[in-house]
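Numbered as in this note's numbering, the sequence shown ends at 903 without a single skipped number.
We treat Cβ as the ideally placed atom computed from N, Cα and C, and that holds for glycine.
Below is one structure, written out as structure tokens; comments come after it.
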Amino acid sequence: MNEITQLAAELGRRLQVLNAHVTTAESCTGGGIAEAITRIPGSSAWFEAGYVTYSNRQKTRQLNVPEGLFNKVGAVSQEVVEAMVRGAQEKSLARFAVAVSGVAGPDGGSPEKPVGTVWLAFGVGEAVTAQREHFSGNRDEVRRQTVKAALEGLLRRAALEIENQG
């Protein structure tokens with residue numbers, strides 16, 4: 738079992754302890770996080786929905802990301818992934834959510850947002866947090882590192898929820 742599959746399986750175990758569901762809102766990973774999760778037998782018990790919103794138009798249509806954000810801060814931004822994660826939670830009713838938007842390459846980067854720049858946002862109930870990462874490597878490597886970081890972030894948050902339940 739590869740590392741990403743192991744992370745997804747552990748996420749499932751933790752979410753089942755919490756009797757919670759997860760949703761994904763993906764741009765640069767093109768559904769890779771949802772695919773990793775649904776590799777796990779029985780994931781329908783804890784995976785609610787996956788949104789692959791590659792275009793800005795679909796981020797707005799499917800996840801209610803305000804159109805004006807794209808001109809103001811760009812699709813690869815804290816504000817956009819936070820709006821994506823909130824939209825995914827609202828649409829799916831899942832307690833846990835992750836959203837990702839980034840520049841996987843090989844082109845599309847800029848001095849401010851070079852290839853490998855990825856924003857991730859995590860939602861747990863009402864709480865939303867975001868982090869910026871810069872991954873190295875080719876397109877596939879950036880995407881794989883993003884999937885791994887998304888699953889690790891969800892795992893950390895699920896572990897904290899379990900701890901808080903005592």
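TODO: Pull up the distance between the alpha-carbon of K850 and that of E804, whole angstroms please.
DONE: Residue mapping note: residue 850 aligns to position 113 of the sequence shown, counting from 1. Residue mapping note: residue 804 aligns to position 67 of the sequence shown, counting from 1. So the two alpha carbons sit approximately 20 angstroms from each other.
Task: Contacting residues, own chain, Cβ-Cβ under 8 angstroms from E785 (five flanking each side not counted) - done: The residue given as residue 785 occupies position 48 in the sequence shown. H758, V759, T760, S829, L830 and A831.
- [ ] Taking S829 as part of the alpha helix (DSSP H), name the residues at either end of that continuous run.
- [x] Within the sequence shown, residue 829 is the residue found at index 92, counting from 1. Note, S829: alpha helix (DSSP H), Q815 to S829.
Task: Contact set for L892: own chain, Cβ-Cβ below 7 angstroms, skip 5 residues either direction - done: As a first step, residue 892 is located in the sequence shown; it is residue number 155 there, counting from the start. For L892, where only same-chain residues beyond five positions count, the Cβ hits under 7 angstroms are L744, E747, L748 and R751.
Open item on the list: Using C-beta distances below 6 angstroms, list every residue in its chain close to A841, excluding the 5 sequence neighbours before and after it, in chain order.
Closed with: What you label residue 841 is simply residue 104 of the sequence shown in a count that begins at 1. Excluding residues within five positions, the ones whose Cβ falls inside 6 angstroms are C765, R876, V879 and R880.
Open item on the list: For K809, count the other beta carbons within 10 Å of its own beta carbon; 16 or more makes it buried, fewer makes it exposed. Which is it?
Closed with: In the sequence shown, the residue the question calls residue 809 occupies position 72. So K809 ends up on the exposed side.
Task: Rounded separation between P843 and V813 - CA only - done: Numbered from 1 along the sequence shown, position 106 holds the residue referred to as residue 843. Numbered from 1 along the sequence shown, position 76 holds the residue referred to as residue 813. Rounded to the nearest angstrom, the two C-alpha atoms are 15 angstroms apart.
TODO: If I'm right that F833 touches R894 with Cβ under 8 angstroms, what's the distance once you round it to whole angstroms?
DONE: In the sequence shown, the residue the question calls residue 833 occupies position 96. In the sequence shown, the residue the question calls residue 894 occupies position 157. So it is a contact: roughly 7 angstroms between Cβ atoms.
Task: Own chain partners of H871 with C-beta closer than 8 angstroms, once the 5 adjacent residues on each side are dropped - done: For the purposes of this step, residue 871 is taken as the residue at position 134 of the sequence shown. Excluding residues within five positions, the ones whose Cβ falls inside 8 angstroms are P851, G853, T854 and V855.
TODO: Take E889 as the anchor and find which of A825, S781, S847 and A773 has the nearest alpha-carbon.
DONE: Taking the sequence shown and counting its residues from 1, one reaches residue 889 at position 152. Nearest C-alpha to E889: A773.
Open item on the list: Since V933 and A887 should fall inside the 8 angstroms C-beta cutoff, what is the C-beta to C-beta distance between them, to a whole number of angstroms?
Closed with: Only positions 738 to 903 of the chain appear in this structure, which leaves residue 933 out of reach.
Task: Beta bridge counterpart(s) of L857 as assigned by DSSP - done: Residue 857 sits at position 120 when you count from the first residue of the sequence shown. V837 and Q868.
Task: T866 versus G860 - alpha carbon distance - done: The residue labelled residue 866 in the question sits at position 129 within the sequence shown. The residue labelled residue 860 in the question sits at position 123 within the sequence shown. Computed Cα separation, rounded: 7 angstroms.
TODO: Return the Cβ separation of A825 and L800 in integer angstroms, given the expectation that the two are a contact with Cβ distance under 8 angstroms.
DONE: The count along the sequence shown starts at 1 and reaches residue 825 at position 88. The count along the sequence shown starts at 1 and reaches residue 800 at position 63. With 8 angstroms as the limit, A825 and L800 qualify as a contact, their Cβ atoms being about 6 angstroms apart.
- [ ] Check A757 in the structure and name its three-state DSSP category.
- [x] The residue you call residue 757 lines up with position 20 of the sequence shown. A757: coil per DSSP, three-state reduction.
Task: When G769, R794, V754 and Q882 are compared against G787, the one with the closest alpha-carbon - done: Sequence index remark: in the sequence shown, residue 787 carries index 50 (1-based). It is G769.
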